[in-house]
Amino acid sequence: MGSISITLMINYPAAHMKLCTQVRRGMTAMKALSKPVNKAISSDHRDFCHNILPKVSVSFADVILQLTQPQLRDSICNLLLVLRCLDNIEDDMKIPADVKMAILRNFHHFIYDKDWKYICGNTDMERELMQGHHQYHAAFMDLEPSSQKTIADTTKKMGEGMAKFVLKEIKTMEDWEEYIDVVNTTWISGTLRLAETLVGETLPEYSLMHEMASLHQKRHTIHNYYDDITEIPKKKMYWPKEMWSKYVKKIEDLQYDEVNSIKAVQLVNEMVTNVLSHVEGSLDFTSKIQDPGVFRIYALLQLMSIGELALCYNNIQVFRKDLKIRAEVKKKICNQTITMADVYGAFYDISCLMKSKVNNNDPLAAETLSRLEAIRQICMDSETLNQRTVIFQSIQDIM
């Protein structure tokens, strides 16, 4: 663990003073915005960022690094790495809550400070990223001032939002929506603001960004149950208590209590059905993206999300093991998702496959089928299905 937390264990005031000093140093470094910057990112810093991105973001790395506009590529890469640092800090349960909140709230200052360092994380990859702060700091400082400001603003908003939820439990559906807005809508908005400035991308309405964010983040919450519940120390769970408490007394019971298996499946089906309500807005969002490279980032995000939802639906294994879409299917999604016709086609095929998984005895079966039929209709109304590349041909393409 980093020097701040080690000091804290001995003397909290000393740790607090050290953190304050680092914040002031970061704020002073922000004055570099008014100075000329070298627009060509040095190869060492760029190589570090490009090499570590696939380790921290398997789903997005290739499509981000394939962006043809170098400043956009490097700006989105840098933003993703900085926000992943926030994820590492948020998820590391060994960090005392007060220190964690202070770092999250001030990280937008630290990205301007090459000497700041805080080593934390639950995996070697996460610790490697935190150790490389000076590398992505240098890459950040070589970006356009407008990109620096967007990255700093996005980091500030996400860090402050995460800090709010360090001690706050996700109790209600409103809490869940607020957290999604903090962590995912913020990221989507940040990447699009970079694209707006650097390649003239048109920003979709914020409400549609939130629909896209909800599809992705809610899918992530469902899919990551097993990893989160078995982490030592256990990670914070982001399943809304308002929903899961209807089925079990403790969220841990979903993992190992065979008596609750029917209730567990009903819960995951309710959560997936809730997520399906965001598909229409998510498709509307993606259809508005003009730049082909930026479009592919969100198209892949959508297809991975809907594929994992199909995998999780009516599947008790969500609570028993780490479910994954097969690597060859992910590769197929990446290689064959080029146009909006491909997206509509994949959603059409997935909705048909999911219908075959619906258990008519499930309490929400009728609602689930209604939402799946609505998705099929949206895709048919696009009048593009005859142009699509077929990605999902059977449920085995996902399992």
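If you use the numbering used here, the sequence shown corresponds to residues 4 to 402, in order. From the three backbone atoms N, C-alpha and C, an ideal C-beta is built for every residue, glycine too.
**Asked** Which of helix, strand or coil does DSSP assign to M96?
**Response** It is coil, neither helix nor strand.
**Message:** If you reduce the DSSP assignment to three classes, tell me which class H281 lands in.
**Reply:** Annotated three-state conformation of H281 is coil, per DSSP.
**Prompt:** What's the C-alpha gap between R196 and S210?
**Reply:** R196 and S210: Cα-Cα distance of roughly 15 Å.
**Request:** For the alpha helix (DSSP H) holding F63, just list the boundary residues, first then last.
**Result:** Run containing F63: none; DSSP gives neither H nor E here.
**Asked** Looking at the structure shown, is K171 part of a helix, part of a strand, or coil, going by DSSP?
**Response** Coil, per DSSP.
**Item:** Cβ neighbours of I232 in the same chain (closer than 6 Å, five flanking residues each side left out)
**Value:** Around I232, the same chain offers Q258 as residues with beta carbons nearer than 6 Å, after the five sequence neighbours per side are excluded.
**Item:** Contacting residues, own chain, Cβ-Cβ under 8 Å from N363 (five flanking each side not counted)
**Value:** Cβ neighbours of N363 within its own chain (closer than 8 Å, five residues either side excluded): none.
**Item:** Rounded separation between A313 and I353 - CA only
**Value:** Looking at the two C-alpha atoms, the distance is approximately 7 Å.
**Prompt:** Hey, is the stretch 61-71 in contact with the stretch 127-143, meaning 3+ C-beta pairs nearer than 8 Å?
**Reply:** At 8 Å Cβ cutoff, the stretches do not touch.
**Asked** Could you give the C-beta distance for I328 and M307, rounded to a whole number, given that I count them as a contact under 8 Å?
**Response** A Cβ-Cβ distance of about 7 Å is found for the pair I328 and M307, placing them in contact under the 8 Å criterion.
**Asked** Which stretch, first to last residue, makes up the alpha helix (DSSP H) that contains N338?
**Response** Bounds of the alpha helix (DSSP H) holding N338 are 330-339.
**Three CB pairs or more closer than 8 Å across the stretch 236-247 and the stretch 164-175** = Using a Cβ-Cβ distance cut-off of 8 Å, the stretch 236-247 and the stretch 164-175 are in contact, since at least three pairs of beta carbons, one from each stretch, lie closer than that value.
**Request:** May I have the straight-line CA-CA distance separating T200 from S149, to the nearest angstrom?
**Result:** Rounded to whole angstroms, T200 to S149 spans 8 Å at the Cα level.
**Message:** Taking contact to mean 3 or more Cβ pairs, one atom from each stretch, closer than 8 Å, check whether the stretch 316-325 and the stretch 221-230 are in contact.
**Reply:** The stretch 316-325 vs the stretch 221-230: in contact.
**Message:** For E208 and N272, I'd like the C-alpha separation in whole angstroms.
**Reply:** Distance between the alpha carbons of E208 and N272: 29 Å.
**Request:** Please confirm if the stretch 152-160 is in contact with the stretch 97-107, defined as three or more CB-CB distances below 8 Å between the two stretches.
**Result:** Short answer: they don't touch.
**Prompt:** So, helix, strand or coil for K237, using DSSP?
**Reply:** If DSSP states are grouped into helix, strand and coil, K237 belongs with coil.
**Beta-carbon spacing of C123, C80 below 8 Å** = Note that the C-beta distance between C123 and C80 is not below 8 Å.
**S217, enclosing alpha helix (DSSP H) - first and last residue** = For S217, the enclosing alpha helix (DSSP H) has its first and last residue at 209-226.
**Request:** Starting from the C-beta of S192, find all residues in its chain whose C-beta is less than 6 Å away, skip the five residues before and the five after it, and write them out in chain order.
**Result:** Leaving aside the five residues that flank S192 on each side, the residues in its chain whose CB is nearer than 6 Å to its CB run, in chain order, M212.
**Request:** Use the C-beta contact count for M383: other C-beta atoms within 10 angstroms, 16 or more gives buried, fewer gives exposed.
**Result:** M383 counts as exposed, since fewer than 16 other C-beta atoms from the protein chains shown sit within 10 angstroms of its C-beta.
**Prompt:** Nearest to L89 by alpha carbon, out of L303, Y121, I300, V332?
**Reply:** For L89, the nearest C-alpha among the options comes from Y121.
**Asked** Among residues of its own chain, excluding the 5 on either side of T117, which ones have a beta-carbon nearer than 6 Å to its beta-carbon?
**Response** Here the sequence assigns Lys to residue 117, which means Thr is not the residue at that position. So the qualifying residues of the chain are H137, H140.
**Item:** Other residues of its chain near N389: CB distance less than 8 Å, five sequence neighbours each side excluded
**Value:** Here N389 has no same chain residue with a Cβ atom under 8 Å from its own Cβ, once five neighbours each way along the sequence are excluded.
**Item:** L146 vs Q74 beta-carbon contact at 8 Å
**Value:** It is a contact, given that the beta carbons lie within the stated cut-off.
**Prompt:** Using the rule of at least 16 other Cβ atoms within 10 Å of the residue's Cβ for burial, across every protein chain shown, is E311 buried or exposed?
**Reply:** Residue environment: E311 is assigned as buried (16 or more neighbouring CB atoms within 10 Å of its CB, all protein chains considered).
**Request:** Using only alpha-carbon positions, find the residue among D294, Y316, Q380, T188 that is nearest to I341.
**Result:** Checking every option, the nearest Cα to that of I341 belongs to D294.
**Close-in-space but distant-in-sequence residues of the same chain around E245 (CB under 7 Å, 5 per side omitted)** = Apart from the 5 residues on each side of it in sequence, E245 sits with its Cβ closer than 7 Å to the Cβ of K174, T175, M176 in its chain, given in chain order.
**Request:** State buried or exposed for A369, treating a residue as buried only when at least 16 other CB atoms are found within 10 Å of its CB.
**Result:** By the beta-carbon neighbour count (other beta carbons within 10 angstroms, threshold 16), A369 is exposed.
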